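Chemist: If you're matching positions, the sequence shown starts at 84 in my numbering and goes up one per residue. Idealized CB from N, CA, C, for every residue including glycine. These numbers come from a predicted model, not from an experiment.
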Amino acid sequence: EYAIFYVANPHARFFLDYLDYFFEHTTEHLIVYYVGQGTTVEDLDTTTKRELYEAFTFEDGKIMDGEMAEHIKFSKNPDNIVTLITDTCRPNTCWSLISNTVDGVELPPRIMSLSASPTPQTSKSMMALAQSQGIFTFNLTKELKKKPKATPKEIEEVMNQVLKEFAQIFTSSSTSPELLDEPFLHIDFD
Numbered sequence: 084e085y086a087i088f089y090v091a092n093p094h095a096r097f098f099l100d101y102l103d104y105f106f107e108h109t110t111e112h113l114i115v116y117y118v119g120q121g122t123t124v125e126d127l128d129t130t131t132k133r134e135l136y137e138a139f140t141f142e143d144g145k146i147m148d149g150e151m152a153e154h155i156k157f158s159k160n161p162d163n164i165v166t167l168i169t170d171t172c173r174p175n176t177c178w179s180l181i182s183n184t185v186d187g188v189e190l191p192p193r194i195m196s197l198s199a200s201p202t203p204q205t206s207k208s209m210m211a212l213a214q215s216q217g218i219f220t221f222n223l224t225k226e227l228k229k230k231p232k233a234t235p236k237e238i239e240e241v242m243n244q245v246l247k248e249f250a251q252i253f254t255s256s257s258t259s260p261e262l263l264d265e266p267f268l269h270i271d272f273d
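1) Looking only at its own chain, which residues have a Cβ that is under 6 Å from the Cβ of Met-195, when we skip the five neighbours before and after it?
2) Over the uninterrupted beta strand (DSSP E) stretch that includes Lys-145, give me the two end residues.
3) Nearest by alpha-carbon distance to Glu-226: which of Val-241, Ile-218 and Lys-236 is it?
4) Taking DSSP as the reference, what is the three-state secondary structure of His-112?
5) Mapping the DSSP letters down to three states, classify Glu-137 as helix, strand or coil.
6) Checking the sheet assignment: what are the DSSP bridge partners for Thr-166?
7) If we ignore side chains and look at the alpha-carbon of each, how far apart do Glu-237 and Asp-162 end up?
8) Within 10 angstroms of the Cβ of Asp-100, are there 16 or more other Cβ atoms? Answer buried if so, exposed if not.
9) If I measure Cβ to Cβ from His-154 and keep anything under 8 Å in the same chain, skipping five residues before and after, which residues do I get?
10) Within its chain, find whatever has a CB closer than 6 Å to the CB of Ala-95; leave out the 5 residues flanking it on each side and keep chain order.
11) Quick one: residues in its chain with C-beta nearer than 7 Å to the C-beta of Leu-268, no 5 flanking neighbours on either side, listed in chain order?
12) DSSP on Phe-219, reduced to helix/strand/coil?
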């Protein structure tokens, strides 16, 4: 019941153009899935209070979390739900909605974020040895096929049990917390 579009290995400038188009033209539920390299970039501008920026890595550069937040704020259709799913090896990504404000940009309502990241006690050497790439995506799709009407909170409970073995933790957050208690998908896989 969803139209699916793939944008494989785009340049950062094209990714933002595509993202703006989908933010503006989706009328019900847009799910954006990013799998790739997340990173932290040091702020070299001493006039700002912030020291680190979260970013997504593309072949031609990085997109910082503040830039991503501005695109969401100014392009999102106010009537739709946007779900941002991230599968990277880093905690906190461009789409981690720890608060409703990212780099001073107030995010609009009806945005949800689902992601997995290493647990805080996981050392870098353990992360390098772990063979857990894709384990989040595999288990998320497996869980949604078993229970397509699951809410993000229900998914989080199950996913954290599964991901514990891989020293990862699943997080779901939203600028509209009521979305976390509603079915994530509105389809059947049968």
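Modeler: Reading it off the structure:
1) Thr-166, Ser-257 and Leu-262
2) 144 to 147
3) Val-241
4) In this structure, DSSP gives His-112 an extended state, which the three-state scheme calls strand.
5) strand
6) Ile-114 and Met-195
7) If I take the Cα positions, the gap works out to 25 Å.
8) Looking at its Cβ environment, which holds fewer than 16 other Cβ atoms inside 10 Å, Asp-100 is exposed.
9) Leu-99, Leu-102, Asp-103 and Phe-106
10) Excluding sequence neighbours, Ala-95 sits near Phe-141, Asp-143, Gly-144 and Ile-146.
11) Leu-227 and Pro-231
12) helix
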